[in-house]
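Going by my numbering, the first residue of the sequence shown is number 1124, and it counts up by one from there.
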Amino acid sequence: MPELPEVETVRRGLAPAMEGARIDRLEQRRPDLRFPLPARFGARLEGRTILSVKRRAKYLLIELDDGAVLISHLGMSGSFRVEEDAPLGRFHHARGKQARHDHIVFHVDGPAGAVRVVYNDPRRFGFMALAAGRSLETHPLMRDLGMEPTGNHLNAEALARRFAGKTAPLKAALLDQRIIAGLGNIYVCEALWRARLSPRRRAGTLVNARGGPVARLETLVHAVRQVIAAAIEAGGSSLRDHRQTNGALGYFQHRFNAYDREGQPCGHTGCSGTIKRIVQSGRSTFYCPACQR
Ligand SMILES: [Zn+2]
1124 MPELPEVETV RRGLAPAMEG ARIDRLEQRR PDLRFPLPAR FGARLEGRTI LSVKRRAKYL
1184 LIELDDGAVL ISHLGMSGSF RVEEDAPLGR FHHARGKQAR HDHIVFHVDG PAGAVRVVYN
1244 DPRRFGFMAL AAGRSLETHP LMRDLGMEPT GNHLNAEALA RRFAGKTAPL KAALLDQRII
1304 AGLGNIYVCE ALWRARLSPR RRAGTLVNAR GGPVARLETL VHAVRQVIAA AIEAGGSSLR
1364 DHRQTNGALG YFQHRFNAYD REGQPCGHTG CSGTIKRIVQ SGRSTFYCPA CQR
């Protein structure tokens, strides 16, 4: 399942092809993905120019020149790829089995030339919606989203205000999308390992009596920002270094320290612990009980 760094990598891959480009034609090959596609989808997009491709949490936001915003979520298996737009017929031989999961094709013409931006989604848990730009912040998909885990959006003071008095486990508090938006299971495990904090600790224990952050919450904030930044950097390298065989943007090789490493030795210097897997709120947590307290 794509997490925030994958979505950011998709955004960086799409931006050069889409920003400033005109949508000449939209091929919609089915009426729905996870949800029905917007009414008159093609008619509302064709002829529009794309001003920018942005991201909020795990949503791609494609801003159009009429003020509308196309909100796209990749679900479990969604991906985009950018192909040269050739006259009909030329590429039929090159398209493999995956083509039957190509549900939406944007034919765009812009600074990068005429290209096809193809949305492929075998499991169809992804979706697309159209919002009026002015109402984006109050859109049902956007209005309850918390802080971005990237850059300066996330800071210890703001997090302390949200964690104060919380008896929920730290893992659950970090996965709460109303507090931090777009942070998923993998990077929560990685950040907690890096900060040497137990996923089972109560979130409120990282807040002092005055409602401010204790030093370990500062450490955690740095850890979250670092694991996300490193993954985005790895995604950026994948864009530069190679095209995957199927050309899908945003999927790249990860190296984890805790996630999916059950039974393996902890990588912290001086720790002789072993990574353990537990289940919290129905999801796997990987951590080192020896050094994560
Ligand atoms: Zn350890």
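Note that CB positions come from ideal geometry on N, CA and C, so glycine has one too.
Tell me residue i's beta-bridge partners as DSSP assigns them.
| i | result |
| --- | --- |
| residue 1408 | 1401 |
| residue 1237 | 1232 |
| residue 1468 | With the chain running from 1124 to 1416 in the structure shown, residue 1468 is simply not present. |
| residue 1357 | Looking at the DSSP assignment, residue 1357 forms no beta bridge with any residue, so it has no partner. |
| residue 1292 | 1325 |
| residue 1388 | 1397 |
| residue 1270 | 1303 |
For a test of the three-state rule: what should DSSP assign to residue i, helix, strand or coil?
| i | result |
| --- | --- |
| residue 1280 | helix |
| residue 1139 | helix |
| residue 1127 | helix |
| residue 1134 | helix |
| residue 1416 | coil |
| residue 1297 | helix |
| residue 1264 | coil |
So residue i is in the beta strand (DSSP E); what residue range does that whole segment cover?
| i | result |
| --- | --- |
| residue 1253 | 1250 to 1255 |
| query | Which runs of the beta strand (DSSP E) spanning at least 3 residues fall entirely within the stretch 1146 to 1227, listed in chain order? | reply | 1173 to 1179, 1182 to 1187, 1191 to 1196, 1202 to 1207
| Contained alpha helix (DSSP H) runs [length at least 4] in the stretch 1301 to 1381, N- to C-terminal order | 1308 to 1318, 1338 to 1364
| message | Please output, in chain order, the residues near ligand 1 using a CB cut-off of less than 7 Å to any non-hydrogen atom of the ligand. | response | 1389, 1391, 1394, 1396, 1411, 1413, 1414, 1415
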